[in-house]
Amino acid sequence: MTDEVTNISARKDEHLQICLEEDVSSGVSAGFDQVLLQIATLPELNFESIDLSANIFGKRLDAPILISSMTGGSGKTKMFNQILARAANEFNIAMGVGSQRAALVHEGLDETFAIARKEAPNALLFANIGVAQLNEGFGVVECQRAVDMLEADALFIHLNALQEALQPEGNRDFSHLLKKIEAITAGLQVPVVAKEVGCGIDPKTASLLVEAGVAGIDVAGVGGTSWAAVEMYRQSDPVRKELCETYIGWGIPTARALIGLEGLPNNILRISSGGLSNGLDVAKSIAMGADLAGFALKLMIAANQGYETLKTTLELIILELKVAMFLSSAPDLNSLRTKLVQEE
Ligand SMILES: Cc1cc2nc3c(=O)[nH]c(=O)nc-3n(C[C@H](O)[C@H](O)[C@H](O)COP(=O)(O)O)c2cc1C
1294 MTDEVTNISA RKDEHLQICL EEDVSSGVSA GFDQVLLQIA TLPELNFESI DLSANIFGKR
1354 LDAPILISSM TGGSGKTKMF NQILARAANE FNIAMGVGSQ RAALVHEGLD ETFAIARKEA
1414 PNALLFANIG VAQLNEGFGV VECQRAVDML EADALFIHLN ALQEALQPEG NRDFSHLLKK
1474 IEAITAGLQV PVVAKEVGCG IDPKTASLLV EAGVAGIDVA GVGGTSWAAV EMYRQSDPVR
1534 KELCETYIGW GIPTARALIG LEGLPNNILR ISSGGLSNGL DVAKSIAMGA DLAGFALKLM
1594 IAANQGYETL KTTLELIILE LKVAMFLSSA PDLNSLRTKL VQEE
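Residue numbers (the numbering used here): 1294 to 1637.
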């Protein structure tokens, strides 16, 4: 393996280890405590008949839940992709793999991502590359390879300006990227969805991305995992540590970022993620217009304890969502979209 690939894989393993061992939370509220669902004291509904199904990019999901992009690219992370994909398959929910950059620059790593499709033959799967790689020579060919690697239904391009700014080895050339995103959306055989990694996507950028042809936005707002916190634990230099610390709570809280998507065309996929705690946050996200709701670190922590813990965690999230729908008298997700208490 080249030094570059070894470094990318080692960095991904280090990130994962820090996320599992340290407190990497942003310390900021994702904003769902301010969001209220309408309450129907007498729901006039049979709990058992509540329908959580969603149709996304031509696939029917049993619940509007996404296992957010996290891993791949090393032996250990292959095992995590396997267990997460097994859950995606069993629950018939969506899943994203982590950045495929290492596999795109080295031949031996495809399997650490492809395992997701093997475990989840029918699930809605998202491939993943970083936007900064578009300024390192990645184009349509590399993005299509990432998609083909796991027969993905769509591609996430992650926007991580803060993370690249804080990493000593980060790629900080974020110039002329919209045009390059446009070339990818025009040339790729599957839809492209832009996501952040925990700082949120602002309304203006969201509309520019839609103009550039993206089919969806995953706001991935602040409120959960903070990449500034993760990077802080990696630094030994006190000045760099302090730089990271300054930005731990940086970003747009997830609930506010979702509101910022209101002006986008209706056919644009909206994903709520970043600091979602439970199925009630999923219900609130859907009521605010989201099509899918994503969880990253919460599910990784569960997966790290074994498949049964991951399964119990997902069962609880789904049950919490269903109870919220029952209590606001929403028989399905479309109905839930009418149950937001609007500000006076
Ligand atoms: C261990 C770990 C690895 C991650 N790796 C990636 C990645 O490779 N690509 C990506 O788009 N996002 C990545 N993320 C970001 C998540 O997809 C998500 O946007 C973010 O963690 C916020 O969600 P959370 O608060 O539920 O953790 C990663 C998150 C974690 C916890």
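Ideal Cβ positions, reconstructed from N, Cα and C, are used throughout, including at glycine.
With C-beta atoms as the reference, is I1552 less than 8 Å away from C1492?
Position 259 of the sequence shown, counting from 1, holds the residue named residue 1552. Position 199 of the sequence shown, counting from 1, holds the residue named residue 1492. No, they are not a contact pair.
Counting Cβ pairs closer than 8 Å, one from the segment 1503 to 1516 and one from the segment 1321 to 1340, do we hit at least three?
Cβ pair count under 8 Å is three or more, so yes.
For the pair the segment 1552 to 1566 and the segment 1528 to 1541, tell me if three or more CB-CB distances fall below 8 Å.
Segments in contact, no.
If you measure between the beta carbons of R1379 and E1412, is that distance less than 8 Å?
As a first step, residue 1379 is located in the sequence shown; it is residue number 86 there, counting from the start. As a first step, residue 1412 is located in the sequence shown; it is residue number 119 there, counting from the start. Yes, they are a contact pair.
When the Cα of A1425 is compared with those of D1403, E1307, Q1310 and S1468, which residue comes out closest?
Indexing the sequence shown from 1 puts residue 1425 at position 132. Selected option, being the one with the closest Cα: S1468.
With distances taken Cα to Cα, identify the nearest neighbour of L1620 among S1319, P1336, L1329 and S1302.
Here residue 1620 corresponds to residue number 327 of the sequence shown, with the count starting at 1. Of the candidates S1319, P1336, L1329 and S1302, P1336 places its Cα closest to the Cα of L1620.
Drop a sphere of 10 angstroms on the beta-carbon of R1394, count the other beta-carbons inside from all chains shown, and report buried for 16 or more, exposed for fewer.
For the purposes of this step, residue 1394 is taken as residue 101 along the sequence shown, with counting starting at 1. Result: buried.
Using 10 angstroms around the beta-carbon of I1474, count the other beta-carbons present and answer buried if the total reaches 16, otherwise exposed.
For the purposes of this step, residue 1474 is taken as residue 181 along the sequence shown, with counting starting at 1. That one is buried.
Heavy atom of ligand 1 within 7 Å of H1469 beta-carbon:
Here residue 1469 refers to the residue found at position 176 of the sequence shown. No, Cβ of H1469 sits at least 7 Å from all heavy atoms of ligand 1.
Alpha carbon of G1423 to alpha carbon of D1625, nearest angstrom:
Here the question's residue 1423 lines up with position 130 in the sequence shown. Here the question's residue 1625 lines up with position 332 in the sequence shown. Near 35 Å, if we compare the C-alpha coordinates of D1625 and G1423.
On the CB-based measure, 16 or more other CB atoms within 10 Å of its CB, does Q1456 come out buried or exposed?
On the sequence shown, position 163 is the one that residue 1456 refers to. Q1456 comes out buried.
Take S1346 and list the residues in its own chain whose beta-carbon comes closer than 7 Å to its own, dropping the five residues that flank it on each side.
To locate residue 1346, count along the sequence shown from 1; it is residue 53. Closer than 7 Å at Cβ, skipping near neighbours: R1353, L1354 and D1355.
Between A1487 and L1443, is the Cβ-Cβ spacing less than 8 Å?
Residue 1487 sits at position 194 when you count from the first residue of the sequence shown. Residue 1443 sits at position 150 when you count from the first residue of the sequence shown. Taking 8 Å as the Cβ cut-off, A1487 and L1443 do not qualify as a contacting pair.
Counting C-beta neighbours from all protein chains within 10 Å, is the total for E1435 16 or more, i.e. buried, or is it exposed?
Your numbering for residue 1435 matches position 142 in the sequence shown. Of the other Cβ atoms in all chains shown, 16 or more fall within 10 Å of the Cβ of E1435; this residue is therefore buried.
With respect to the beta strand (DSSP E) encompassing K1352, which residues constitute its N-terminal and C-terminal limits?
Working through the sequence shown from its first residue, we reach residue 1352 at position 59. From DSSP, the beta strand (DSSP E) with K1352 extends over K1352 to L1354.
Which residue comes first and which comes last in the alpha helix (DSSP H) that contains K1473?
Residue mapping note: residue 1473 aligns to position 180 of the sequence shown, counting from 1. Judged by DSSP secondary structure, K1473 falls within the alpha helix (DSSP H) whose first and last residues are L1470 to G1480.
Give the DSSP bridge partners of N1421, in chain order.
The residue given as residue 1421 occupies position 128 in the sequence shown. DSSP, once it has assigned bridges, lists F1449 as partnering N1421.
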